[in-house]
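K.L.:
Structure below.
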């Protein structure tokens, strides 16, 4: 590893880092969020002690204004945001939130916003909740529903990543022959990882989940081939099968 001058001789330089792992086979993602005074030493420790990560991302301040209290604050907030986003499995317990003045918190929240953007730019939406990806226009901000006479009942919104189906939506369990194999596998994976649970005669979503398209969301809901029959229900409760 190349030597970095400002990391020599125990120089007090507080930094924030994440270790990320991805599974190419099933797409599972996990992350560890931590802090260190000497990032090189900490990364060597991670290499020796933890084998779950493929990639490390770290942030520091160029003018050294981050101290132990501020970095603990950032670690806690990022841990909180990652859990809320629910995109990655987080391999640690919640850290203690440091007590800081409002002015200090405001400054650190700005640092946090930059870290979120840069992390997403590097290909990891670790801190981006699904609701942040919802398309922002009058039509697409309204809810769309997929229902049938057997009791299927899911609702969602278009997003920049596809189509979000919201927590507590109900999916049909018995699968029809017309259901694509890829969606069968996706439903099984959702059941295995706890995204779906059995609730009475249905599968129920335990959290918001993004499908690549409304058609895929509809097929997963109805357990058969579907063309995306999500009807828009507006504030006047007028349903239109246009999506």
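Residue numbers (full-length UniProt numbering): 1 to 243. Glycine included, every Cβ here is placed at the ideal spot set by N, Cα and C. Remember, predicted model here, so these are calculated numbers, not experimental data.
1) Express the C-alpha separation of residue 60 and residue 109 in angstroms, rounding to a whole number.
2) Tell me whether residue 131 is buried or exposed, calling it buried when 16 or more other Cβ atoms sit within 10 Å of its Cβ.
3) Expressed to the nearest angstrom, what Euclidean distance is found between the alpha-carbon atoms of residue 150 and residue 177?
4) Have a look at residue 203 and residue 197 and give me their C-alpha separation to the nearest angstrom.
5) Going by C-alpha to C-alpha distance, which of 126, 68, 28 sits closest to residue 36?
6) Smallest Cα separation from residue 162: which of 216, 168, 117?
7) Just to confirm the assignment, what range does the alpha helix (DSSP H) spanning residue 84 have?
8) When we look at the beta-carbon of residue 170 and count the other beta-carbons within 10 Å, is it buried (16 or more) or exposed?
9) Just verifying my parser: in three-state terms, what is the DSSP assignment at residue 153?
10) So, under 8 Å CB-CB, residue 226 and residue 173 are touching, yes? Tell me the CB distance rounded to an integer number of Å.
11) Taking residue 210 and residue 154 to be in contact with their CB atoms under 8 Å, please state how far apart those CB atoms are, rounded to whole angstroms.
12) How close, in whole Å, do the beta carbons of residue 208 and residue 147 come, if the pair is a contact with beta carbons under 8 Å?
13) Taking only the alpha-carbon atoms, compute the straight-line gap between residue 183 and residue 191 and give it to the nearest angstrom.
14) If you draw a straight line from the alpha carbon of residue 122 to that of residue 56, how long is it in whole angstroms?
15) Out of curiosity, what's the CA-to-CA distance linking residue 111 and residue 134?
16) Identify which residue in 96, 84, 152 has its Cα closest to the Cα of residue 73.
17) Tell me residue 123's beta-bridge partners as DSSP assigns them.
18) Looking at the secondary structure, which residues open and close the alpha helix (DSSP H) in which residue 220 lies?
19) Quick one: what does DSSP say residue 24 is sitting in, helix, strand or coil?
20) Among 189, 219, 125, 62, which has the Cα closest to the Cα of residue 31?
21) In chain order, what residues of the same chain have a beta carbon less than 8 Å from the beta carbon of residue 128, not counting five sequence neighbours either side?
P.N.:
Once the coordinates are examined:
1) 14 Å
2) exposed
3) 17 Å
4) 5 Å
5) 68
6) 216
7) 68–85
8) buried
9) strand
10) No, residue 226 and residue 173 are not in contact; Cβ-Cβ is about 16 Å, not under 8 Å.
11) With a Cβ gap of about 13 Å, residue 210 and residue 154 do not count as contacting.
12) The Cβ separation is near 18 Å, so there is no contact.
13) 12 Å
14) 11 Å
15) 24 Å
16) 96
17) None; residue 123 has no bridge partner.
18) 214–222
19) Because residue 24 sits at a pLDDT of 44, beneath the cut-off of 50, its placement in the model cannot be relied upon, and the following sentence gives the value as read from the coordinates. Correct three-state label for residue 24: coil.
20) 125
21) 85, 87, 116, 120
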